[in-house]
Each structure stands twice: as structure tokens, then as C-alpha cells.
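As C-alpha cells, the structure follows; a few thoughts come after it.
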Amino acid sequence: MRISRIYLNTELTAGQTTTLDENASHYLARVLRVQLGQPVILFNGNGFDYHGHITRASKKEVDVEIQEQTSGVQDSDIHTHIGQVMSKGDRMDYMIQKATELGVNVITPLTSKYCEVKLNHERQEKRVQHWQQIAIHASEQSGRATIPQVLPIQTIQDWLSTRNEQLRLTLHPRAAKKITSFDRPKDIALLVGPEGGLTDDEVSLAQSCAFETTLLGPRILRTETAPVAALSVIQLLWGDMAQ
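In C-alpha cells form, the structure reads like this:
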């Protein structure tokens, strides 16, 4: 039987009994219909898993007695930060979910000339909160003991000007260099454009900020597919898929 993993934004300690929040309690009690004594794993993003079992399960509240703390699945040795120009529909949701499963550390949603998404300040905050929740749920499912950070929406210019990663890459279908041609860095910033692509000026701006254009292969990938493919290659070349 698969043991449920639940994220809690609170301090966790072996030997304590903790009451899960409303959403987690509803999921376990009403959706999964957990029973007393059933095992569960809690985590709060600090790199550890907290193993326990259900001691109370009502319709609104579930209690878990934590029995032991163990080291969770460790992050990849290579730190990755994706700057992704926003796209419509559920494409950003998909990218954040899959990037989390593949070990991304930070995601910054970006605006650009061809960005299809226009949001006022209030809607921007709500959208970022939504994306952060997707990262949390993907961490629960994938066994990660940390949570990728989804930063507030920025312009592509502002994001590029603050990057200092050792390797900075722009995914571009007409680039001359393949991603496999670079030496292993300690950290990577990856710029991904929108469905309509980056403008020549935006590519030039990225190059002036020490970003190199690169491609993954002969086929043009969709905006939500490109970072997933790139992360897979990065983790295989230099990260924990190669271990």
C-alpha cells in the first residue's frame, strides 16, 4: 500500500502529535478514507520526512502521531532556476508540476513582448499562490522533501539583469550549440520563451547578460515541453539522474 505524503507549513518533531490543516484532513479523511493506525509521512520542506500514523480521523480533523524523523530525498547537486514566460491555460501548471518532479529549485514566471497572459497585481499574487500549491502537491507525490520556490512575476528584463548563475542558457530553436556541449556547472539559469517565441531584442538582451543560446535537438518544442526536456537532460548530464 502506498503511504500518503502530506506537506504541512509548520514545525514538526518526532514524538509529537499534530493536527493536520483543513485541506490535508479533508483529503485523508474524506477522499482517501484513512483508518486509525494507518501510516502517513509528513514533511515541511526542511529536507526531512516525519513518519507517523493516524491517531484520530474525524470528518474535519485528522491527528498524526510522529514516530521518527528521517532524511528525505535530497536535492540534486546542481541548482536550477527556470525563468519561464507565462502561457495561457494549464500549460504553466503542467510545466511547474513536471519541473518540480525533475528537481527544479526556483521558478520565476516572466512577462515578455509575446507573453499571452495579462494580469493585474491582485491576479498576479493569486496566480503565483496557485502555482506554489502545484509545486507543493508535486513534491508530495514525487517524494521530494523540499519545495521549489515560485517567485513573483517579473519582466524578462528585470529577471535577466539579476542572474548570476555559473551557466545561463536561453532555449532557442536556431541556436548553434547543443546543451551537451557545455561543461558541468554548479548552478544553471534557464530562460524559456512563450509560445510565440522570444524577440531578437530579447535574445540579444539575454546574451548581454551572459546567456548563451542552446537547443535540445532538431525539433521545436512547445513552451511547456522545453523546460521539462531541458531539466531531464541537465539531471542526466550533471545531476542526480546520472548517479
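For the sequence shown, the residue numbers in the working numbering are 925 to 1167. Think of the CB as a built atom: it goes at the ideal place given N, C-alpha and C, for glycine as much as any other residue. Everything numeric in this text was worked out from a predicted model, so none of it was measured.
For residue j and residue i, the rounded distance between their alpha carbons
| i | j | result |
| --- | --- | --- |
| R913 | P1097 | Not covered by the structure: residue 913. The range shown for the chain is 925 to 1167. |
| A1130 | D1124 | 10 Å |
| N933 | I1006 | 24 Å |
| K1102 | T1138 | 5 Å |
| E935 | T1032 | 27 Å |
| L1161 | D1111 | 13 Å |
| V1074 | N947 | 21 Å |
| D1001 | I978 | 35 Å |
| D973 | L944 | 15 Å |
Beta-carbon gap between residue i and residue j smaller than 8 Å
| i | j | result |
| --- | --- | --- |
| L966 | I930 | yes |
| V1009 | G1117 | yes |
| I990 | T1035 | no |
| S1063 | C1133 | no |
| M1019 | E1119 | no |
| A1059 | I1071 | yes |
| R1092 | F1135 | yes |
| D999 | G969 | no |
| S928 | E985 | no |
| G996 | G971 | yes |
| K1022 | V1041 | no |
| A1150 | L1115 | no |
| A981 | A953 | yes |
| E1126 | S1066 | no |
Local conformation of residue i per DSSP, three classes
| i | result |
| --- | --- |
| Q962 | coil |
| R926 | coil |
| A981 | strand |
| Y1038 | coil |
| E989 | strand |
| L1115 | strand |
- Any alpha helix (DSSP H) of 4 or more consecutive residues that is wholly inside the segment 1045-1107: 1045-1066, 1080-1085
- Unbroken beta strand (DSSP E) runs of length 3 or more, entirely within the segment 998-1023: which are they? 1003-1009
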